[in-house]
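Single-structure report; data block below.
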Amino acid sequence: MIATTPPVKKACDACHRRKVKCSGGTPCKNCGATNLQCTYLSIPQKKGPKGSRAKVISEIRDTQQHHQQQPPPPAPSQHQQAPLVTPPAQNRNEPSPFNFNSPLSSTLGRTPGLLSRQTIDACLAFFFEHLYPTIPIFRREKLSVLIYGHESVHPDSYCLVASLCAFVMVQPGMTLNVSGALGESYAGEPPQNRYGFASMLLEDLLRVRQGIDYVDDPTLSTVQTSFFLFCSYFTLEKQNSCWYYLREASTLAQLMKMHEESSYFVGDAEENMLKRRTFWLILLTERAYAMERHRTLSVHPTIELPAAEQVEQEVVSGFVHLTKLFCCIDDDFMALWNKTKSECSPEWLSGLQRRLRDVLPQNLDATEHQVADIRITQQWLKIMVWQLSVAHGHISSHSQEPALSFTYPIEVARDLVHFIESISLASMEVHGVGLIEKLFDIACTLMDVITCVPLDASQNSSQSNEYLSAVLQLVAKLRGGASRYLPLLAARVKEFPNQSPRARQMSLSIKQGYAGASDHLPTPLMPDTNGNPHFANLELDMRPIHRPAMDEQALIFDAYSSTTQKAQTPTDVSRSPNHARTPITPDVYGPPGLGPLPRNVVTGSNMYGHYPG
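For the sequence shown, UniProt numbering begins at 1 and goes up steadily by one.
Set out below in structure tokens:
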């Protein structure tokens, strides 16, 4: 007869107080993990109203310390004012409640020394210099107080700063001095690169977050933490995780009633301003991601747009422009896009194209980084609506509406190329993989038109080739473009050469959202350099790309694979027949006619970056 372990009849005092399942034994698993005394001394009492469980562990610890004649330090009187906290830039030599190098309390569950002050300072500097215009959801002074002040001991604050640092770690152009990334008290294995370090931070904050009742008592920080979890996992190519945390962010925002205008009539004005911006950031991010991955919407434009303040008028104006652009994409569009609705009229589609064209003024009051994101997103949305028009059979060679013609993607590509010629590479590169995926979708649609639609040899044919060449060059130059998206585009170019009349009579078939559709597809092998010539007039720009000089003491890890953190040499994510990873070389990326890529582009990384919009 097989012996079975009898069920635990009585939970220990600590587990009973915390309302968690007790495993029995002395100590039980929960008490052993939190270094609490495991006792069975309490007398069962009648059930009553449940109170807050956010500070249960600390209360138990204080009680046990009292019995051991080790009273906790006296709490300040309620009539005493909290000491003023000086921002770190003005008070660097004074001790901070956020103890970076000494072991932290096991109550919080943080890994001692994992996140050093030097790393936090570097991440904040990078965020406010490069990413803040796209994600204007903080006040720098208030965030510094939250991180370095008396509130820093709260687990919610740690989760926010850890998620923000993980998000920054995976951004294009972010450098990391590995020797200073960890605190002196860190005892584990050091990360191999920035991506490994970001993954360690994510795992650590998620463990800490389990001890916070953030669902029943959500705060703005918990909403923002979930949003940065989405951005980080998106860059790390974990699509299920990133979608989960984006939905978590939208759900927490609605639990806080951030979707109700009346909730902004009470409370601190500055806090409400940041809540409003956070809500709209989640809305536009969800719509961009939902279009790429065929998801549904959970957030809708139910509150007023953020007001442009005099201090940040340019930043907020650009943020509002991007928000208005995505408000054109509504539930009706997504129902058609996801094929839960099957009927739409040509008039509705042409009207949507006009809204996308007219929703923005000719001259945008925004930063250069924002203008790059807004204008490229505008052209991408036009292509997405055109794809929907193809899917519903409303494209015609005789249409009087340009947006419903077969050659409309060539017009969009023309506007895109003229725009990208006027802005810097850095203004586009800071947006990471989100922007590259939009360029990828535009290029794929243009290829379909070139391949399947009869084009006038004197105009459309040559122009479309030139526009495609310009887009491919841009994808090659952007960090992260050469490692995954350019191989996919080059493989499609290989299909171009023998364009027989029969091939030109093929029916146009559009796959909605090319980039998202390729998530689970292996990157194809590059075209054989001995194959047939392709597009002899598509030659990539061979001029070197000049990037800002980097600190010689800082190490930047450009290579990343979702299956390894140790790769220091860029590798092609495609598989050869023997399943070995093939090193990337200029020749591999050089299909005939397309030309080899600049060496400094080929050795670029899979550094994807953030996603908003």
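Glycine residues also receive a C-beta, built at the ideal position from the N, C-alpha and C atoms.
{"Check": "Could you round the C-beta distance between Ile395 and Gln463 to whole angstroms and report it? I think they count as a contact, below 8 Å.", "Outcome": "Contact doesn't hold; Cβ gap of about 19 Å is too wide."}
{"Check": "For Asn35, does the count of other Cβ atoms within 10 angstroms reach 16, so buried, or fall short, so exposed?", "Outcome": "exposed"}
{"Check": "Determine, using beta-carbon pairs with one atom in the region 124-134 and one in the region 247-267, whether at least three such pairs fall under 8 Å.", "Outcome": "no"}
{"Check": "In angstroms, rounded to a whole number, what distance separates the CA positions of Glu429 and Tyr485?", "Outcome": "14 Å"}
{"Check": "Out of curiosity, what's the CA-to-CA distance linking Pro155 and Leu131?", "Outcome": "25 Å"}
{"Check": "If you follow the alpha helix (DSSP H) that Met273 is in, where does it begin and where does it stop?", "Outcome": "269-293"}
{"Check": "Please give the ranges of any alpha helix (DSSP H) in the region 401-489, keeping only runs that are unbroken, at least 4 residues long and fully inside the region.", "Outcome": "408-420, 425-429, 432-452, 460-477"}
{"Check": "Could you check the C-alpha separation between Leu489 and Leu472 for me, to the nearest Å?", "Outcome": "8 Å"}
{"Check": "How is Ile584 classed by DSSP in three states: helix, strand or coil?", "Outcome": "Because the pLDDT of Ile584 is 29, which lies under 50, any placement of that residue in the model is unreliable, and the number read from its coordinates should be weighed accordingly. In the structure shown, Ile584 sits in coil (DSSP, three-state: anything other than H, G, I, E or B)."}
{"Check": "Would you check if the distance between the CB atom of Val170 and the CB atom of Ser232 is smaller than 8 Å?", "Outcome": "yes"}
{"Check": "Let me check understanding here. Comparing Cα to Cα, which of Asp365, Pro361, Arg293 lies closest to Asn338?", "Outcome": "Arg293"}
{"Check": "What separation, rounded to the nearest whole angstrom, lies between the Cα atoms of Ser397 and Ser405?", "Outcome": "6 Å"}
{"Check": "What three-state label does DSSP hand Glu189 in the structure shown?", "Outcome": "coil"}
{"Check": "Quick one: what does DSSP say Ser144 is sitting in, helix, strand or coil?", "Outcome": "helix"}
{"Check": "Using alpha carbons as the reference points, say which of Leu435, Leu360, Leu468 lies closest to Ile450.", "Outcome": "Leu468"}
{"Check": "Would you kindly work out how many angstroms separate the C-alpha atoms of Leu439 and Ile147, rounded to a whole number?", "Outcome": "37 Å"}
{"Check": "I need the DSSP call for Thr26, collapsed to helix, strand or coil.", "Outcome": "coil"}
{"Check": "For the alpha helix (DSSP H) that contains Gln224, what are its first and last residues?", "Outcome": "220-235"}
{"Check": "Quick one: is Asn363 buried, meaning 16 or more other Cβ sit within 10 Å of its Cβ, or exposed?", "Outcome": "exposed"}
{"Check": "What are the boundary residues of the alpha helix (DSSP H) that Val371 is part of?", "Outcome": "368-391"}
{"Check": "Ala288: which of Ser262, Asp441, Asn465 sits nearest, CA to CA?", "Outcome": "Asp441"}
{"Check": "Any idea what DSSP makes of Leu84, helix, strand or coil?", "Outcome": "Only weak support is given to the placement of Leu84: the predicted model assigns it a pLDDT of 33, under 50, and the value that follows is read from those uncertain coordinates. In the structure shown, Leu84 sits in coil (DSSP, three-state: anything other than H, G, I, E or B)."}
{"Check": "Does the beta-carbon of Pro71 have 16 or more other beta-carbons within 10 angstroms, so that it is buried, or is it exposed?", "Outcome": "Low confidence applies to Pro71: its pLDDT is 45, below 50, so where it sits in the model is not reliable, and the reading given next is rough at best. Exposed, because fewer than 16 other Cβ atoms sit within 10 Å of the Cβ of Pro71."}
{"Check": "Please say whether Ser317 and Asp365 have beta carbons closer to each other than 8 Å?", "Outcome": "yes"}
{"Check": "Given this structure, state the Cα-to-Cα distance separating Leu356 from Cys327, to the nearest angstrom.", "Outcome": "10 Å"}
{"Check": "Whether or not the region 304-311 and the region 333-347 are in contact is what I'm after, with contact meaning three or more pairs of Cβ atoms, one per stretch, closer than 8 Å; do they touch?", "Outcome": "no"}
{"Check": "What does the alpha-carbon distance come out to for the pair Thr39 and Ala11?", "Outcome": "9 Å"}
{"Check": "Which residues mark the beginning and the end of the alpha helix (DSSP H) in which Asn240 is found?", "Outcome": "239-255"}
{"Check": "Can you tell me the Cβ-Cβ gap for Ala162 and Leu201, rounded? I've got them flagged as a contact below 8 Å.", "Outcome": "5 Å"}
{"Check": "Return the Cβ separation of Pro190 and Gly432 in integer angstroms, given the expectation that the two are a contact with Cβ distance under 8 Å.", "Outcome": "Contact flag wrong, Cβ pair sits at about 25 Å."}
{"Check": "Nearest to Phe227 by alpha carbon, out of Tyr244, Arg17, Glu347?", "Outcome": "Tyr244"}
{"Check": "Can you tell me whether Ala187 is buried or exposed, with buried defined as 16 or more other CB within 10 angstroms of its CB?", "Outcome": "exposed"}
{"Check": "Provide the residue span of the alpha helix (DSSP H) that contains Phe138, from first to last.", "Outcome": "From DSSP, Phe138 is part of no alpha helix (DSSP H); its letter is neither H nor E."}
{"Check": "In whole angstroms, give me the CA-to-CA distance for Lys382 and Leu236.", "Outcome": "28 Å"}
{"Check": "Since Val320 contacts Leu305 with CB under 8 Å, what's their CB separation in whole angstroms?", "Outcome": "5 Å"}
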